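Be aware that the sequence shown starts at 1, since it is given in the UniProt record's numbering, and climbs by one per residue.
Note that CB positions come from ideal geometry on N, CA and C, so glycine has one too.
Remember, predicted model here, so these are calculated numbers, not experimental data.
This report refers to the structure that appears directly beneath it.
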Amino acid sequence: MSDASNSSTPNQERNTENWFTSWFDTPYYHILYKDRNYREAQIFMDNLTHYLNLPEKAKVLDLACGKGRHSIYLNQLGFNVIGADLSENSIAEASKNSNETLHFKVHDMREPFEEKFDAIFNLFTSFGYFESDDDNLTTLKAIKESLSEYGFAVIDFMNVTQVLETLVPEEIKTVDDIDFKIKRYLQDGHIFKEIDFEDKGQHFHFTEKVKALTLKDFEELMNEAGIFLLDTFGDYKLKKFHKTESERLIMIFK
């Protein structure tokens, strides 16, 4: 999750209109989150593809794929994968791993694909970034339009209830000799994470901003989009979702 305004460009200092377009394109985003547990993510992919019983060589879309680590793993599992992301830098990096059954493209998740997929994965809280709530509905409709008749979609989101109960208001996280000063808070129905740090004599400020969507919120959006919610899970081992205890909100729909 993430939002950005770089203090080296003062006129953008507090512009969070499209924070994700700049923050995700910086090397600092990848430095800050370099310690993410990718083995856990691979176990999640194993469990998920097994649960969905995807056919061999199924067409899979990894929506908001970043640098494509999960697209690459899904491809290694034998699927025909497209990784899509708005960040041109991330897609350029991911594309170094392209092959006949693995491709990457710059794409806005609000736009449907012309081709249809057997599965669409939107992983690790890559939803709810937009300023307008209408864009969240537009994204769900785009996912629906990009699914084949028998296709499944998966959104892996934070469990907002649990996140707010355990929110750490302030901390300093040091990675690669950079001290990231982080503040977190809830405001106007969004969870904010403000990130300040200095590197090479320059000060940087970024703000992550994600809509605090609960399961009820998603159910209302999906109902409006004409989507059928099949199941919900609360962690990457696919244990059942528990409103107050689960770390994740994983939704399977078609």
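Assigned secondary structure, residue 237 (DSSP; H/G/I helix, E/B strand, else coil): coil
Buried or exposed by the 16-neighbour rule on C-beta atoms within 10 Å, applied to residue 99: exposed
First through last residue of the alpha helix (DSSP H) which encompasses residue 29: 27–32
Of the listed residues 207, 214, 117 and 165, nearest to residue 250 (C-alpha basis): 214
Residue 153 vs residue 111 beta-carbon contact at 7 Å: no
N- and C-terminal bounds of the alpha helix (DSSP H) containing residue 184: Premise fails: residue 184 lies in the beta strand (DSSP E), 178–187, not in any alpha helix (DSSP H).
Close beta carbons around residue 189, own chain, < 6 Å, minus the five adjacent residues each side: 212
Nearest-angstrom Cβ-Cβ length linking residue 116 and residue 148, presumed shorter than 8 Å: 4 Å
Reduced DSSP category for residue 84 - H, G, I as helix; E, B as strand; rest coil: strand
Buried versus exposed, by CB contacts within 10 Å (16 or more), residue 66: buried
Residue 246 - DSSP class collapsed to helix/strand/coil: coil
Between the CA atoms of residue 64 and residue 107 - distance to the nearest angstrom: 8 Å
Through-space distance from residue 223 to residue 259, alpha-carbon basis: Given a span of 1 to 254 for the chain in the structure shown, any question on residue 259 remains unanswerable.
Between the CA atoms of residue 62 and residue 240 - distance to the nearest angstrom: 23 Å
Buried/exposed call for residue 168, threshold 16 Cβ in 10 Å: exposed
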